[in-house]
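So this is what it looks like as structure tokens:
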């Protein structure tokens, strides 16, 4: 018996998020309420499929053996899937509370990219694995769940802050440059993942799987492909820069969003920050019970602290220094970049105790 | 947003001149934001430069400055504290500045908060009505006293405990709740200082050590791996009691991967067996605040069969030979013999070579391999490893590494225990609990104030003015305020 029903549902969820994203973008472009409702419907459907995927994976792990069964948040695939699930869940709640569908176009790509990335990355195992002894702890579960709830809140703050910068653009200044580059990079990551997906299907037929990310683009064995990738990257950034004003005009049609965006960005950070704090503390409790040290300055711990420091700076700047609007939005975006690095950069680039969660 | 005029008492500043300047420097929140961002930035350095083993940075440095300059660059890193930067004077200095910043800001702002919290709420005046967040006015066809009863009930149903007053024939009801929120931020800031104090206590008087106990044997001291700053203990810390390993058990998944390992330990204190526990990775034994963590294991001497890979230094095919621990075998093609000493399951590369200190994720199996001449005299001893490069023998033209090792059924093990003593850890946890509580109070509660003024216009009609103020979370207060207005003004 193959234990991969969870993967089927995972795929359904991933494609749902892709379609939802397309519909959310169309909703912005055509301002048609029906399109918006379809987008929300697909999102809820995807969330349902994703929930089933996680539940089935949990069940399947117990089917594999009573000693293997565990809540599916222990390796990179499981925790990123859980993270994407949380993003969609919190986003759905925000959408309902604020009765505003305009954020969707900015949140769905984050979740979809996370899902696609863990699916395409050749060195991330998608299988259910038994837990090594140190990971069998309830503190670990609280640690992972609170951390990811926090990360998801920050992801939403990121999308909304980006939107804030776009809506409040008057001219092609430095802030304009900043957010067009951000959008360009997101598009570039999309292209890289698609290239990897194509490369993956090709190489499966040829001689097994690829070994690295970006083998279909920047790290291809064919020099021409590498060169072309850089040309494309520059082209995407240039197009993003050239079309930025069009994106702004598209969003400008939605009334009174500016203050609300600022508010949502702050609110989600105000929710994410306590969660991240609890995540770091429960991680420390867990480390103390497993290794006898609550804080060891390993890269993962340090990066979670860096993220915490950035958002702490955001809160101080906003609450006591009166930072609102653009400056706060930029800090929120930088905070989320630190979140991404805490999770992916550390696992893929730096070493440390958390290497059990690493690719491989 | 503060609608009440509050004149804080002047804070006593220490002296004048330079001291006052230092005080003012630390009293700024701008400094806080700068310190937080600087701490975030410098922390990045320590995640790029390996902090555990300085030598691990050689490869990266060789890539940056060329292999010839790598050693010099590493020495520079070590000297400037960058390979142990979280304990360097300048990082500790930044943390001290943050502490001073928190302390001074607290002293500066506390009087103002005390004034806000202790000031008595006054009935609504036309003057104060101008500065509230929300207001509503309506003429109602009801006499003042029935409106008052209704308003009182409405306030009580929403968790307020209203006070009453009559001013110039007008009836006043006013109430406030959630004053506690004003202290939230102080709790958070104090909690950070508490965590720092806990960490300092740990590094001054706490230690970390490692000890191996063979099954059936006991120890009364452990090798220090992290020495306390304010206690002179030498290399070995006496435990003050004895710990015996009664039994070691290893469980594996069907794949052979270890799924758990357990040591049954007995503490003998003052000649009596005082504690007994089967420990596993996440579940240590605790006696007199000294904790014993299951960290590694390995076969006891004479209980393992080692598979050694022998490869010619000039290149060529690798051959594998089996040696029982403690046993001696001839090294083919040379007049020498190999003897295998203790086998370790968890070896990592330290700055001066391999050390038995790792855990099951980063460690390698390792063994001391002794090279003997034909008269069985020791020529040299090398550390042979499985996952890291072994030490290169000088006397023979072969490299020797560990292919694997086997343990026969019924073989005896030793258990590797990490020993920690941290008297500050409880202080750290208290700080953490305070931090979470403080953040919850600061973010999710708010100081709400409401006023209701009822002005009788004639016998059966009155004008009701409802006002409300909140120090944060304005949007959720707006909904609350609307509900209050509806309840008071409904028929």
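Residue numbers (this note's numbering), protein chains in the order written: chain A, 21 to 380; chain B, 9 to 499.
Quick reminder that beta carbons are idealized off the backbone N, C-alpha and C, glycines included.
Inset, instruction - Find the residues of chain A that neighbour residue 448 of chain B, judging by a C-beta separation of less than 7 Å, and give them in chain order. - result: The contacting residues are 294.
Legend entry - Residue-chain proximity (residue 253 of chain B, chain A), Cβ-Cβ < 7 Å: Answer no: the Cβ-Cβ gap between residue 253 of chain B and chain A never drops below 7 Å.
Legend entry - Delimiting residues of the beta strand (DSSP E) encompassing residue 175 of chain A: From DSSP, residue 175 of chain A is part of no beta strand (DSSP E) but of the alpha helix (DSSP H) over 158-187.
Inset, instruction - List the residues that DSSP assigns as beta-bridge partners of residue 338 of chain B. - result: Listed as beta-bridge partners of residue 338 of chain B by DSSP are B/345.
Legend entry - Span separating the alpha-carbon of residue 372 of chain A from that of residue 382 of chain B: Low confidence applies to residue 372 of chain A: its pLDDT is 42, below 50, so where it sits in the model is not reliable, and the reading given next is rough at best. Here the alpha carbons of residue 382 of chain B and residue 372 of chain A stand approximately 45 Å from one another.
Legend entry - Closer than 9 Å at the beta carbon, the chain B residues around residue 163 of chain A: Within 9 Å Cβ-Cβ: nothing; residue 163 of chain A doesn't reach chain B, min ~13 Å.
Inset, instruction - Have a look at residue 240 of chain B and residue 24 of chain A and give me their C-alpha separation to the nearest angstrom. - result: Whole-angstrom Cα-Cα distance: 58 Å.
Inset, instruction - Given a cut-off of 7 Å, decide if residue 132 of chain A and residue 196 of chain A are closer than it, judged by their beta-carbon atoms. - result: Cβ distance not < 7 Å, so residue 196 of chain A and residue 132 of chain A don't count as in contact.
Inset, instruction - Check residue 388 of chain B in the structure and name its three-state DSSP category. - result: Strand at residue 388 of chain B.
Inset, instruction - Would you decide whether residue 113 of chain A is buried or exposed? Buried here means 16 or more other CB atoms lie within 10 Å of its CB. - result: By the neighbour-count criterion, in which a residue is buried when 16 or more other Cβ atoms sit within 10 angstroms of its Cβ, residue 113 of chain A is exposed.
Inset, instruction - Measure the C-alpha to C-alpha separation of residue 56 of chain B and residue 96 of chain B and round it to an integer number of angstroms. - result: So the two alpha carbons sit approximately 16 Å from each other.
Legend entry - Same chain, Cβ closer than 7 Å to residue 487 of chain B, neighbours up to 5 away in sequence not counted: Exclusion of the five residues before and after residue 487 of chain B leaves no residue of its chain whose Cβ lies closer than 7 Å to its Cβ.
Inset, instruction - Have a look at residue 93 of chain B and residue 42 of chain B and give me their C-alpha separation to the nearest angstrom. - result: Residue 93 of chain B and residue 42 of chain B have their C-alpha atoms spaced approximately 19 Å apart.
Inset, instruction - Give the residues of chain B in contact with residue 113 of chain A, contact being defined as C-beta atoms less than 8 Å apart. - result: Using a Cβ-Cβ cut-off of 8 Å, residue 113 of chain A is close to nothing in chain B; its nearest Cβ partner there is about 15 Å away.
Legend entry - Given 8 Å, three or more beta-carbon pairs between the segment 275-291 of chain B and the segment 397-409 of chain B: Contact between the segment 275-291 of chain B and the segment 397-409 of chain B is absent, because fewer than three Cβ pairs lie under 8 Å.
Legend entry - CB contact below 7 Å: residue 429 of chain B versus chain A: No, residue 429 of chain B does not count as interfacial toward chain A.
Legend entry - Where residue 264 of chain A falls, given that 16 or more other Cβ within 10 Å makes a residue buried: Classified as buried, residue 264 of chain A has 16 or more neighbouring CB atoms from the shown chains inside 10 Å of its CB.
Inset, instruction - Check the Cβ-Cβ distances between residue 96 of chain A and every residue of chain B, and say whether any is below 7 Å. - result: Cβ-Cβ to chain B under 7 Å: no for residue 96 of chain A.
Inset, instruction - Following the continuous beta strand (DSSP E) through residue 145 of chain B, name the residue where it begins and the one where it ends. - result: 142-148 is the span of the beta strand (DSSP E), which, as asked, contains residue 145 of chain B.
Inset, instruction - In the DSSP assignment, find the beta strand (DSSP E) that holds residue 246 of chain B and state where it starts and stops. - result: From DSSP, the beta strand (DSSP E) with residue 246 of chain B extends over 244-260.
Legend entry - Residue(s) in a DSSP beta bridge with residue 227 of chain B: Note: residue 227 of chain B sits in a beta bridge opposite B/251.
Inset, instruction - Verify whether the separation of the beta carbon atoms of residue 271 of chain B and residue 253 of chain B is less than 7 Å. - result: Contact: yes.
Legend entry - Interface residues of the segment 79-104 of chain B facing chain A [CB-CB below 7 Å]: Of all residues in the segment 79-104 of chain B, only 94 place a beta-carbon less than 7 Å from a beta-carbon of chain A.
Inset, instruction - Note down, in chain order, every chain A residue with its Cβ under 7 Å from the Cβ of residue 304 of chain B. - result: When 7 Å is used as the limit between beta carbons, residue 304 of chain B is near no residue of chain A, the shortest such separation being about 12 Å.
Legend entry - Where residue 226 of chain A falls: helix, strand or coil (DSSP): Caution is warranted here: a pLDDT of 47 is assigned to residue 226 of chain A, below 50, making its placement in the model unreliable, and the coordinate value is therefore given only provisionally. DSSP, read as helix, strand or coil, puts residue 226 of chain A in helix.
Inset, instruction - Return the residues of the segment 296-309 of chain A that lie within a Cβ-Cβ distance of less than 7 Å from chain B, sorted by chain order. - result: Residues passing the 7 Å Cβ filter: 297, 298, 301, 308, 309.
Legend entry - Residues near residue 285 of chain B in its chain [Cβ-Cβ closer than 7 Å; skip 5 each side]: Spatial neighbours of residue 285 of chain B in its own chain (CB-CB distance under 7 Å, excluding positions within 5 residues in sequence) are listed in chain order as 273, 293.
Legend entry - Buried versus exposed, by CB contacts within 10 Å (16 or more), residue 67 of chain B: When all chains shown are included, residue 67 of chain B counts as exposed.
Inset, instruction - Compute the beta-carbon to beta-carbon distance between residue 316 of chain B and residue 344 of chain B, rounded to the nearest angstrom, for a pair I have assumed lies under 8 Å. - result: So it is not a contact: roughly 13 Å between Cβ atoms.
Inset, instruction - Figure out for me which residue from A/85, A/60, A/81, A/135 has the closest Cα to the Cα of residue 32 of chain A. - result: Each of A/85, A/60, A/81, A/135 was checked against the Cα of residue 32 of chain A, and the nearest Cα belongs to A/135.
Inset, instruction - Could you confirm whether any beta carbon from chain A is found closer than 7 Å to the beta carbon of residue 5 of chain B? - result: The shown model of chain B, from 9 to 499, leaves out residue 5 of chain B, and the question about it has no answer.
Legend entry - Cutoff 7 Å; reference residue 442 of chain B; Cβ partners in own chain excluding five residues on either side: Excluding sequence positions up to five before and after residue 442 of chain B, its CB lies within less than 7 Å of the CB of 195, 198, 199, 202, all in the same chain and listed in chain order.
Legend entry - Near-chain A residues of the segment 31-56 of chain B - C-beta to any C-beta below 8 Å: Flagged, chain order: 37, 38, 40, 41, 44, 45, 47, 48, 51, 52, 54, 55, 56.
Inset, instruction - Express the C-alpha separation of residue 352 of chain B and residue 424 of chain B in angstroms, rounding to a whole number. - result: The alpha-carbon atoms of residue 424 of chain B and residue 352 of chain B are separated by roughly 9 Å.
Inset, instruction - Compare the C-alpha of residue 121 of chain B against each of B/167, B/187, B/323 and name the closest. - result: Among B/167, B/187, B/323, the Cα nearest to that of residue 121 of chain B is on B/187.
Inset, instruction - Give, in chain order, every residue of the segment 441-470 of chain B whose Cβ lies closer than 7 Å to some Cβ of chain A. - result: Within the segment 441-470 of chain B, the qualifying residues are 443, 444, 447, 448, 451.
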